[in-house]
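What follows is a short report on a single structure.
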Amino acid sequence: MTAWTDRMPAVGDRASLSREVGPDDIGLFTRISGDRNPLHYDEEAARNSRFGEIVVQGGVTSAILNAVVAEELPGPGTVFLEVAWSFKAPVRPGDTITGEVEVSAVRDDKPITSLLTRVLRGDGTVVLEGTAVCYTMDV
1 MTAWTDRMPA VGDRASLSRE VGPDDIGLFT RISGDRNPLH YDEEAARNSR
51 FGEIVVQGGV TSAILNAVVA EELPGPGTVF LEVAWSFKAP VRPGDTITGE
101 VEVSAVRDDK PITSLLTRVL RGDGTVVLEG TAVCYTMDV
């Protein structure tokens with residue numbers, strides 16, 4: 001078990017992770033969430049939408065931030081307390097996405113960290129941005 005004070009992040013610390021979004025991610029997320037929106041499955045409906053093609057669920061897009069926070073910064077034992085995210089552009093199967101976090105504040109009295117967050121597509125387009133507040137337990 002590592003104490004919070006032994007690994008407390010500092011303002012300005014950054015971390016990121018990348019992954020390719022596969023076509024199976026839509027089906028897996030549907031099994032978890034029940035989200036069967038035609039924009040995720042029906043090529044004709046998606047083609048006739050403003051997106052022009054199939055898009056993955058926002059939960060698939062934001063999930064990369066769960067991984068960054070839990071695995072990298074602040075790290076293992078971290079859970080979200082609050083998120084405020086805006087979705088800016090679609091993600092499609094086959095896109096590579098990168099989740100990035102930057103520490104904007106750290107409380108001295110509790111293991112609570114505020115983060116600037118964003119997700120980018122491989123072409124550099126910001127697809128999600130916002131903030132998060134996290135709590136890190138000793139594990």
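Final position of the sequence shown in full-length UniProt numbering is 139; the numbers increase by one with none missing.
All C-beta atoms, glycine included, are put in the ideal place defined by N, C-alpha and C.
The model shown is predicted, which means the values in this text are computed figures rather than measured ones.
Residue i - partner residues in DSSP beta bridges
| i | result |
| --- | --- |
| residue 41 | Partner(s): none; residue 41 has no beta bridge. |
| residue 99 | 17 and 119 |
| residue 128 | 87 and 119 |
| residue 10 | None; residue 10 has no bridge partner. |
| residue 114 | 105 and 133 |
Nearest to residue i (by Cα), restricted to the options the options
| i | options | result |
| --- | --- | --- |
| residue 135 | 124, 113 and 125 | 113 |
| residue 71 | 58, 38 and 17 | 17 |
| residue 207 | 62, 53 and 99 | The shown model of the chain, from 1 to 139, leaves out residue 207, and the question about it has no answer. |
| residue 89 | 78, 8 and 53 | 53 |
| residue 122 | 21, 9, 11 and 12 | 21 |
| residue 94 | 67, 34, 60 and 66 | 60 |
Cutoff 6 Å; reference residue i; Cβ partners in own chain excluding five residues on either side
| i | result |
| --- | --- |
| residue 140 | Missing from the structure shown is residue 140; the chain here goes from 1 to 139 and no further. |
| residue 126 | 88, 118 and 120 |
| residue 137 | 77 |
| residue 51 | 90 |
| residue 67 | 17 |
| residue 133 | 81, 82 and 114 |
Residue j beta carbon less than 8 Å from that of residue i
| i | j | result |
| --- | --- | --- |
| residue 56 | residue 92 | yes |
| residue 96 | residue 115 | no |
| residue 86 | residue 39 | no |
| residue 7 | residue 58 | no |
| residue 64 | residue 19 | yes |
Cut-off 8 Å between Cβ atoms - residues of its own chain near residue i, not counting five sequence neighbours on either side
| i | result |
| --- | --- |
| residue 36 | 30 |
| residue 12 | 102 and 103 |
Same chain, Cβ closer than 7 Å to residue i, five either side skipped, listed in chain order
| i | result |
| --- | --- |
| residue 9 | 73, 74, 103, 106 and 113 |
| residue 140 | Residue 140 is absent from the model: the chain starts at 1 and stops at 139. |
Check whether the segment 18-31 touches the segment 76-88, counting contact only when three or more Cβ pairs, one atom from each stretch, lie closer than 8 Å.
no
Any contact of the segment 106-125 with the segment 38-52, i.e. 3+ C-beta pairs under 8 Å?
no
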